[in-house]
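Residue numbers (the numbering used here): 1 to 165.
For every residue, glycine included, the Cβ atom is placed at its ideal position computed from N, Cα and C.
The structure appears right after this line, and notes come after that.
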């Protein structure tokens with residue numbers, strides 16, 4: 001019996017040939033998290049940031065889900081960032097400026113970092129951007145429920161309904 005060539009047989013070869021799209025993840029903890037000086041503690045279980053052991057990132061339990069990606073060299077961790085333009089904002093209610101670095105009052109045209117990444121790399125993914133939050137919606141200036149702002153500086157509502165995704 002002779003069968004016609006089926007496109008589905010070529011899918012695994014095509015999938016291997018395609019490069020893995022770049023992803024960007026930003027986590028915001030409004031009231032911060034406890035770290036010891038230099039984030040060192042006798043128990044690495046309390047460490048939020050990864051430790052560097054033999055030039056490799058090693059995550060503790062709180063971020064253990066990132067370890068497989070770190071093992072492949074696909075994780076970059078930024079710490080100690082500062083937003084001097086927003087020093088007048090209460091640090092516990094500054095989600096509005098977390099990914100823009102700009103004061104949300106009277107600022108326009110400041111897309112958030114995640115949306116800049118989505119514009120640059122999002123075409124290679126099914127969803128260029130997923131804006132998720134534990135409450136969903138927009139909130140208000142100074143008590144934002146989203147970290148994401150479009151290229152015009154308008155807030156993008158966060159989604160907290162995972163079934164809707």
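| Item | Value |
| --- | --- |
| With burial defined as no fewer than 16 other Cβ atoms inside 10 Å of the residue's Cβ, what is the status of residue 51: buried or exposed? | exposed |
| Below 8 Å on the Cβ atoms is my contact criterion, and I expect residue 59 with residue 67 to pass it. Report the Cβ-Cβ distance as a whole number of Å. | 5 Å |
| Using alpha carbons as the reference points, say which of 113, 94 and 88 lies closest to residue 100. | 113 |
| Alpha carbon to alpha carbon, what distance is there between residue 86 and residue 28? | 16 Å |
| What does a CB cutoff of less than 6 Å around residue 118 pick up in its chain, not counting 5 residues either side in sequence? | 128 and 129 |
| For the beta strand (DSSP E) that residue 25 lies in, which residues bound it at each end? | Looking at the DSSP string, residue 25 is not in any beta strand (DSSP E), and its letter there is neither H nor E. |
| Look at residue 22 and residue 83 and say whether their C-beta atoms are less than 8 Å apart. | no |
| By the 10 Å Cβ neighbour count, where 16 or more other Cβ atoms means buried, how is residue 20 classified, buried or exposed? | exposed |
| Using DSSP's beta-bridge definition, name the partner residues of residue 52. | 57 |
| What does DSSP give as the partner residue(s) for residue 159 in the beta ladder? | 132 |
| Look up residue 127 in the DSSP assignment and say whether it is helix, strand or coil. | coil |
| Please return the same chain residues whose Cβ sits closer than 8 Å to the Cβ of residue 17, not counting the five positions on each side in sequence. | Because residue 17 carries a pLDDT of 47, less than 50, the predicted location of this residue cannot be relied on, and no value is offered for it. |
| What separation, rounded to the nearest whole angstrom, lies between the Cα atoms of residue 146 and residue 123? | 22 Å |
| Can you tell me whether DSSP reads residue 97 as helix, strand or coil? | helix |
| Taking residue 55 as the reference, give the member of 48, 137 and 75 with the closest Cα. | 75 |
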